[in-house]
Structures are given as structure tokens and as C-alpha cells.
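**Student:** Structure incoming, see below.
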Amino acid sequence: MTMTDIGRLGLATFLLAALAYHAAPQLAHALRSTDRQDQVTINGAVRAVNLFAPEPDMTLEDSDGHQWHVLLGSQLQISHSGLSAVPPQAGEAAQVVGVMSGGETIRAARIMVEGQEYDIPAPGPGRT
Numbered sequence: 001m002t003m004t005d006i007g008r009l010g011l012a013t014f015l016l017a018a019l020a021y022h023a024a025p026q027l028a029h030a031l032r033s034t035d036r037q038d039q040v041t042i043n044g045a046v047r048a049v050n051l052f053a054p055e056p057d058m059t060l061e062d063s064d065g066h067q068w069h070v071l072l073g074s075q076l077q078i079s080h081s082g083l084s085a086v087p088p089q090a091g092e093a094a095q096v097v098g099v100m101s102g103g104e105t106i107r108a109a110r111i112m113v114e115g116q117e118y119d120i121p122a123p124g125p126g127r128t
């Protein structure tokens, strides 16, 4: 292998690494954006809230009296959203935007309580 071949190989490796580095966030964004197509929005009143392990959640009752189980994510996600600083109270008006997770269960992505908006960050790699 000559110095020219090594130089070309190095350049090719560099270009491939640069492409992967810049394409990865776009690919992740494209995969996440398809999640938005499956999102639902539920408006109602907060009935119960649990911000503690093992599974932080809340119950939301819509205008038809239907109760929804809302998964809020991990305690770390709740902390990052700011929701734990001012937890929702029973009876407060709320809107949940999220993805259906079977039956009457919604995995929250955004919650609005009495006009205050909380974005629940996506779980980290390897977490659901």
C-alpha cells in the first residue's frame, strides 16, 4: 500500500465518519417524527396523580366521564419537565398529548395543566 492509498483510505474513512455523524440526528428525528402521526390529545380533569416509583402516572377524566391512565415517564423525565416542581392537583383542568399504549393508557409526551405546559422528554437510549 502506498502513501497515496493510505491517504485516500484515510479521507474515505473521514468522509464516512462525518456523514454518519451528521446523518444520525436527522435519522433519529425522522424516526421520532413518525411518532407524531400516532399522537392523541385528551382534555379533562385530573383525578389522581402519582409522581413516585415504580411508575409515575396520573388519571385523567374526560368530559364523557371516561378515565384515562396517563404514563408520565421516569422520575428523571418528570424532573426534567418541571412537572415535579408543581404537581397537578385533583380537579385541575389538563390536556395530555401522547401516544396510545394499549386500552385506556396513554404515554404522555406533553401535559398542560391550568395553562402551564410541561414537555416530557423522550426516554434515553435503551429505555422505554
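Quick note: the sequence shown uses UniProt numbering, first residue 1, plus one each step.
Glycine included, every Cβ here is placed at the ideal spot set by N, Cα and C.
Remember, predicted model here, so these are calculated numbers, not experimental data.
Span of the beta strand (DSSP E) holding H69?
**Tutor:** Counting along the chain, the beta strand (DSSP E) containing H69 begins and ends at 67 to 71.
**Student:** Answer yes or no: do I42 and I106 have a C-beta to C-beta separation smaller than 8 Å?
**Tutor:** In contact: I42 and I106 (Cβ atoms closer than 8 Å).
**Student:** Rounded to the nearest angstrom, what separates A85 and Q75 at their Cα positions?
**Tutor:** The straight-line gap from Cα to Cα measures roughly 12 Å.
**Student:** Could you tell me the boundaries of the alpha helix (DSSP H) in which Q77 lies?
**Tutor:** Q77 -> alpha helix (DSSP H) spans 75 to 81.
**Student:** State the Cα-Cα distance for the pair G44 and G115, rounded to the nearest angstrom.
**Tutor:** Rounded to whole angstroms, G44 to G115 spans 13 Å at the Cα level.
**Student:** With distances taken between CB atoms, is the gap from H80 to P54 smaller than 8 Å?
**Tutor:** It is not a contact, given that the beta carbons lie outside the stated cut-off.
**Student:** Output the distance between the C-alpha atoms of S33 and T4, rounded to the nearest integer angstrom.
**Tutor:** Only weak support exists for where S33 lies, its pLDDT of 43 falling under 50; the value from the coordinates is given anyway. Distance between the alpha carbons of S33 and T4: 43 Å.
**Student:** Quick one: using the 10 Å Cβ neighbour count with 16 as the cut-off for buried, is V40 buried or exposed?
**Tutor:** Per the 10 Å Cβ criterion, exposed.
**Student:** I think V46 touches E92, with their Cβ atoms under 8 Å apart; what is that distance to the nearest whole Å?
**Tutor:** Confirmed, about 5 Å.
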